[in-house]
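All residue numbers for the sequence shown refer to my numbering, where the first residue is 0 and numbers rise by one. In this text, a Cβ means the ideal position worked out from N, Cα and C, and glycines have one as well.
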Amino acid sequence: MFYVQRNASGQLLRVEAASFDEFTEILPADHADVQEWFADDEVENSLKELKQSDLDMIRVLEDLIDVLTAKGVFSITDLPAGAQAKLLNRSKARKALGSLNNLIDEEEQGGLI
Numbered sequence: 000m001f002y003v004q005r006n007a008s009g010q011l012l013r014v015e016a017a018s019f020d021e022f023t024e025i026l027p028a029d030h031a032d033v034q035e036w037f038a039d040d041e042v043e044n045s046l047k048e049l050k051q052s053d054l055d056m057i058r059v060l061e062d063l064i065d066v067l068t069a070k071g072v073f074s075i076t077d078l079p080a081g082a083q084a085k086l087l088n089r090s091k092a093r094k095a096l097g098s099l100n101n102l103i104d105e106e107e108q109g110g111l112i
């Protein structure tokens with residue numbers, strides 16, 4: 000059973016397994032409104048996971064391109080101009096952040112005031 004709170008229009012505002020002060024009714028777990036409520040959460044969580052996965056894959060692809068160019072298998076100029084510009088901008092940003100990490104490490108070791 001789930002404790003739910005609805006607005007004046009009957010839309011769910013909150014669904015909890017435990018009782019709370021503002022609940023307006025109790026519904027079984029297999030009720031369509033409860034199922035829909037949790038399905039929305041599942042979709043949102045899946046989208047967040049995919050977004051994070053996309054960010055992780057971008058990093059993997061950048062590293063792969065770096066390895067292939069370092070080994071001479073691939074040249075950055077083999078890519079279209081737009082892709083080259085994006086990779087170079089990301090490379091500059093990563094290097095800038097890398098130097099910030101060095102400052103933080105030095106500060107933790109007492110190298111900076």
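query: Reference Tyr2; option with closest CA among Leu11, Ala16, Gly9 and Gln10; result: Ala16
query: Cβ contact check for the region 68–78 and the region 35–42: 3 or more pairs under 8 Å; result: no
query: Where Gln34 falls: helix, strand or coil (DSSP); result: helix
query: Proximal residues to Leu78 (C-beta, below 8 Å), its chain only, five neighbours per side dropped; result: Leu86
query: Pairwise C-alpha distance: Arg5 and Arg13; result: 7 Å
query: Reduced DSSP secondary structure (H/G/I, E/B, other) of Asn3; result: Note that residue 3 is Val in the sequence shown here, rather than Asn. Residue state, collapsed to three classes: strand.
query: Best match in Glu21, Leu49 and Met0 for proximity to Gln34 [C-alpha to C-alpha]; result: Met0
query: Continuous beta strand (DSSP E) stretch holding Leu78: start and end; result: Where Leu78 is concerned, there is no enclosing beta strand (DSSP E), given that its DSSP letter is neither H nor E.
query: Glu21: first and last residue of the uninterrupted beta strand (DSSP E) it sits in; result: Glu21 -> no beta strand (DSSP E), and no H or E assigned at all.
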